[in-house]
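Undergrad:
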Amino acid sequence: ELKVEQNPLFLSMQEGKNYTIYCNYSTTSDRLYWYRQDPGKSLESLFVLLSNGAVKQEGRLMASLDTKARLSTLHITAAVHDLSATYFCAVDRDDKIIFGKGTRLHILP
Amino acid sequence: DGGITQSPKYLFRKEGQNVTLSCEQNLNHDAMYWYRQDPGQGLRLIYYSQIVNDFQKGDIAEGYSVSREKKESFPLTVTSAQKNPTAFYLCASSAPRGSAQPQHFGDGTRLSIL
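Given below as structure tokens:
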């Protein structure tokens with residue numbers, strides 16, 4: 050059974066700081082997704098990672114994938130308040146997409 | 041613009057009642073999904089469908105039913121057998137795996153018990 054674990058589940062950080070969210074998954078998969086969810090809203094796609102060593106960047110967010118370690122990271126550089134949201138990783142296997150529990154990110158001014 | 045439309049936005053269910061949540065997409069996607077999200081939790085897969093007239097149970101299908109009579113539509117019925125239906129329900133669709141595209145999500149339906 051595919052399991053997806055994120056940590057931390059909650060993160061409170063100061064503006065201007067850097068931090069990393071981790072996503073581990075239990076079985077092999079050839080693609081991994083990162084999504085953002087604002088309170089009361091739906092999910093917005095951030096990144097699709099397709100191969101070992103893939104790295105994608107958008108603004109202050111950078112995602113990477115290590116398929117051998119079954120690990121993806123979402124790195125936040127010089128955080129700003131607008132990045133406060135819940136971030137989910139999701140893994141694709143056998144026509145199903147399984148989500149982690151999400152990391153609730155709160156950025157303090 | 042292409043997208044996924046979920047309705048209603050808010051829904052209230054009386055005890056013993058079945059209710060149906062609508063999900064329509066005009067993205068021409070074959071695959072569609074229903075997820076349930078509880079407060080402070082991740083998404084859990086209820087049902088999914090890869091093609092018209094076919095669907096599979098996800099991890100928490102008990103108390104729910106679906107149909108897929110048209111490519112564009114994937115309604116979810118929350119039956120009276122689902123004793124704790126209060127949650128945020130999200131519908132999604134996706135292009136074929138080879139396209140390497142993420143799932144697209146609707147805006148969700150928030151279901152509560154009266």
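In order, the protein sequence lines correspond to chains L and E.
Heads up, the first sequence is in my numbering, so the first residue is 50 and it goes up one at a time.
Heads up, the second sequence is in my numbering, so the first residue is 41 and it goes up one at a time.
All C-beta atoms, glycine included, are put in the ideal place defined by N, C-alpha and C.
The model shown is predicted, which means the values in this text are computed figures rather than measured ones.
1) Can you name the start and end residues of the beta strand (DSSP E) that serine 62(E) belongs to?
2) Can you give the Cα-Cα distance for leucine 123(L) and asparagine 101(L), rounded to whole angstroms?
3) Across which residues does DSSP place lysine 110(E) in a beta bridge pair?
4) Buried or exposed: threonine 126(E), going by 16 or more other Cβ atoms within 10 Å of its Cβ?
5) Looking only at its own chain, which residues have a Cβ that is under 6 angstroms from the Cβ of glutamine 60(E), when we skip the five neighbours before and after it?
6) For the pair the region 76–84 of chain E and the region 141–150 of chain L, tell me if three or more CB-CB distances fall below 8 angstroms.
7) If the criterion is Cβ atoms closer than 7 angstroms, does the pair leucine 81(L) and leucine 98(L) meet it?
8) Rounded to whole angstroms, what is the Cα-Cα separation between alanine 134(L) and arginine 153(L)?
9) How far does the beta strand (DSSP E) with glutamate 107(L) in it extend, from its first residue to its last?
10) Are the C-beta of tyrosine 71(L) and some C-beta of chain E separated by less than 7 angstroms?
11) What is the DSSP secondary structure of aspartate 131(L), counted as helix, strand or coil?
12) Between which two residues does the beta strand (DSSP E) containing glutamine 96(E) stretch?
13) For the beta strand (DSSP E) containing isoleucine 100(E), name the first residue and the last one.
14) If we ignore side chains and look at the alpha-carbon of each, how far apart do lysine 49(E) and glycine 148(E) end up?
15) Just the C-alpha distance for isoleucine 44(E) and phenylalanine 145(E), rounded to the nearest angstrom, thanks.
16) For glutamine 81(E), go through chain L and note every residue whose CB falls closer than 8 angstroms to its CB, in chain order.
17) Closer than 7 angstroms, CB to CB, is valine 104(L) near chain E or not?
18) Is there contact here, the region 55–70 of chain E with the region 110–120 of chain L, by at least three beta-carbon pairs under 8 angstroms?
19) Would you list the one or two residues that DSSP bridges to glutamate 54(L)?
20) Got a sec: which bits of the region 140–154 of chain E sit with their beta carbon under 9 angstroms from any beta carbon on chain L, in order along the chain?
21) Evaluate aspartate 87(L) with the Cβ neighbour count: other Cβ atoms within 10 Å of its Cβ, from every protein chain shown; 16 or more gives buried, anything less gives exposed.
TA: This is what the structure holds:
1) Looking at the DSSP string, the run of the beta strand (DSSP E) that includes serine 62(E) is 59–65.
2) The alpha-carbon atoms of leucine 123(L) and asparagine 101(L) are separated by roughly 15 angstroms.
3) Per DSSP, Ser113(E).
4) With a threshold of 16 other beta carbon atoms within 10 Å, threonine 126(E) falls short and is exposed.
5) For clarity, residue 60(E) is threonine in the given sequence; the question names glutamine instead. The beta carbon of threonine 60(E) lies closer than 6 angstroms to those of Pro115 and Thr117 in the same chain, with the five residues before and after it left out.
6) Result yes; three or more Cβ-Cβ pairs closer than 8 angstroms.
7) Going by C-beta atoms, leucine 81(L) is nearer than 7 angstroms to leucine 98(L).
8) Rounded to the nearest whole angstrom, the C-alpha separation of alanine 134(L) and arginine 153(L) is 6 angstroms.
9) Run containing glutamate 107(L): 104–107, per the beta strand (DSSP E) assignment.
10) False, the Cβ-Cβ gap to chain E never drops below 7 angstroms.
11) Helix, per DSSP.
12) Here the beta strand (DSSP E) through glutamine 96(E) covers 94–97.
13) No beta strand (DSSP E) holds isoleucine 100(E); DSSP gives it neither H nor E.
14) C-alpha of lysine 49(E) to C-alpha of glycine 148(E): approximately 6 angstroms in a straight line.
15) Roughly 6 angstroms between the two C-alpha positions.
16) Correct list: Lys150 and Gly151.
17) Valine 104(L) does not count as touching chain E.
18) Touching, no.
19) Beta-bridge annotation (DSSP): glutamate 54(L) is paired with Asn73(L).
20) Listed by position, the residues of the region 140–154 of chain E near chain L (Cβ gap below 9 angstroms) are Ala140, Gln141, Pro142, Gln143, His144, Phe145, Gly146, Asp147, Gly148 and Arg150.
21) So aspartate 87(L) ends up on the exposed side.
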